[in-house]
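Using the working numbering, read the sequence shown as starting at 54 and increasing by one per residue.
Ideal placement from N, C-alpha and C gives every residue a C-beta, glycine not left out.
Notes follow once the structure below has been shown.
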Amino acid sequence: MRHLMNPLDLSVEELDQLLDLANDIEAHPSRYAHSCEGKKLATLFYEPSTRTRLSFEAAMLNLGGSVLGFSSADSSSAAKGESVSDTIRVISCYADICAMRHPKEGAPLVASMKSSIPVINAGDGGHQHPTQTLTDLLTIRSLKGRLGDFTIGLCGDLKFGRTVHSLIQALIRYQNVHFVLISPEELRLPDSIRDGVLRKNNQVFREEVRLEDAIPELDLLYMTRVQRERFFNEEDYIRMKDFYILDREKMKLAKEDMLVLHPLPRVNEISTEVDDDPRAVYFKQAQYGVYVRMALILTLLEVKVC
Ligand code: CP
54 MRHLMNPLDL
64 SVEELDQLLD
74 LANDIEAHPS
84 RYAHSCEGKK
94 LATLFYEPST
104 RTRLSFEAAM
114 LNLGGSVLGF
124 SSADSSSAAK
134 GESVSDTIRV
144 ISCYADICAM
154 RHPKEGAPLV
164 ASMKSSIPVI
174 NAGDGGHQHP
184 TQTLTDLLTI
194 RSLKGRLGDF
204 TIGLCGDLKF
214 GRTVHSLIQA
224 LIRYQNVHFV
234 LISPEELRLP
244 DSIRDGVLRK
254 NNQVFREEVR
264 LEDAIPELDL
274 LYMTRVQRER
284 FFNEEDYIRM
294 KDFYILDREK
304 MKLAKEDMLV
314 LHPLPRVNEI
324 STEVDDDPRA
334 VYFKQAQYGV
344 YVRMALILTL
354 LEVKVC
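Now the structure itself:
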């Protein structure tokens, strides 16, 4: 039995197969419509979510399976003090696979150790968000045609943005990826990723504060929101929240084929006037999230579709 805690839990070959499967699902959805009949997915969300929870649920329903779960800690027995370990032992009796989001880093890993069903980390604190990374990789590969040979700018809250941490870990396994880390000083990438992942693996990267200084050279721009829920005080959040706003003027500085990604939700960091720009692919990215989660459920449940 396999779990998914970290994007590196899948080898590059396994990842390629998963993305191929996701593309096949996109092209032939009816072929997969009954592949999980009789199977149940539990969504255990101790933190708010729109895309991750609902795309997991849509994914399982598209595969002919069923879903159950909770969408906040308050509506579960966590509010009475139940541990994650006890919860997963119980959920293992009710479902075949589960996706867990939790504000505490490592909570899904703890759950996986007590679970008798596959556990998928659907985001743990400021740590990792591996299924967002699968979504990002599928979006880049499908729309850019390759995973590698590009310069990617990661912009915004690089300190708390778990999607950025996971994406960097995944992308260093491909050839010729150059990273431009664009953030205010206070929200720079943690040392554990800058030194422990980028420097340790001799990756080409540089840090910038101004988006305008980086945007002309980028093939991909990955915007992120400032993570209000991870700040210790509201004043710091208010000072930081509008540091970056991507608008039409800044898009004029970018290459004609640069793609703009964002894991969403967006707050102010991308002006809505950019939404109609053909280079803005963040809503398409959310759609890819369903295909890739369908592929992941099939893979972890070892369901073969002929
Ligand atoms: N991208 C993402 O994780 O969105 P949600 O928080 O809405 O799930």
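Three-state secondary structure (DSSP) at residue i?
i: residue 311; result: coil
i: residue 76; result: helix
i: residue 147; result: helix
i: residue 185; result: helix
i: residue 115; result: helix
i: residue 199; result: coil
i: residue 120; result: strand
i: residue 134; result: coil
i: residue 279; result: coil
i: residue 242; result: coil
i: residue 93; result: strand
i: residue 170; result: coil
i: residue 325; result: helix
i: residue 176; result: strand
i: residue 333; result: strand
i: residue 299; result: strand
i: residue 306; result: coil
i: residue 317; result: coil
i: residue 224; result: helix
i: residue 218; result: helix
i: residue 103; result: coil
i: residue 342; result: helix
i: residue 126; result: helix
i: residue 249; result: helix
i: residue 108; result: helix
i: residue 64; result: coil
i: residue 264; result: helix
i: residue 86; result: coil
i: residue 211; result: coil
i: residue 163; result: helix
i: residue 355; result: coil
If we call anything under 8 Å between Cβ atoms a contact, is residue i one with residue j?
i: residue 171; j: residue 283; result: no
i: residue 316; j: residue 216; result: yes
i: residue 147; j: residue 121; result: yes
i: residue 117; j: residue 86; result: yes
i: residue 221; j: residue 251; result: yes
i: residue 143; j: residue 155; result: no
i: residue 158; j: residue 178; result: yes
i: residue 103; j: residue 334; result: no
i: residue 112; j: residue 347; result: yes
i: residue 99; j: residue 126; result: yes
i: residue 181; j: residue 58; result: yes
i: residue 314; j: residue 273; result: yes
i: residue 219; j: residue 318; result: no
i: residue 153; j: residue 97; result: yes
i: residue 63; j: residue 71; result: yes
i: residue 226; j: residue 356; result: no
So residue i packs on residue j, CB below 8 Å; how close in whole Å?
i: residue 350; j: residue 150; result: 6 Å
i: residue 84; j: residue 358; result: 6 Å
i: residue 206; j: residue 277; result: Actually they do not touch by this definition, with Cβ atoms about 11 Å apart.
i: residue 212; j: residue 242; result: 7 Å
i: residue 299; j: residue 322; result: 6 Å
i: residue 279; j: residue 209; result: 6 Å
i: residue 89; j: residue 354; result: 7 Å
i: residue 145; j: residue 169; result: 4 Å
i: residue 343; j: residue 108; result: 5 Å
i: residue 341; j: residue 195; result: 7 Å
Going by the DSSP bridge assignment, what does residue i pair with across the sheet?
i: residue 258; result: 232
i: residue 98; result: 154
i: residue 206; result: 233, 274
i: residue 57; result: 173
Would you say residue i faces chain B, with C-beta separation under 8 Å as the test?
i: residue 315; result: Structure shown: chain B not included; a single protein chain is present.
Cβ pair count under 8 Å reaching 3, the stretch 178 to 190 against the stretch 285 to 298: no
Cβ pair count under 8 Å reaching 3, the stretch 199 to 213 against the stretch 230 to 237: yes
contact_flag[the stretch 323 to 340, the stretch 298 to 307] where n(CB pairs < 8 Å) is 3 or more: yes
Those residues, in chain order, that have a beta-carbon closer than 7 Å to some heavy atom of the ligand ATP: Looking for the ligand ATP in the displayed structure turns up nothing; the ligands present are the ligand CP.
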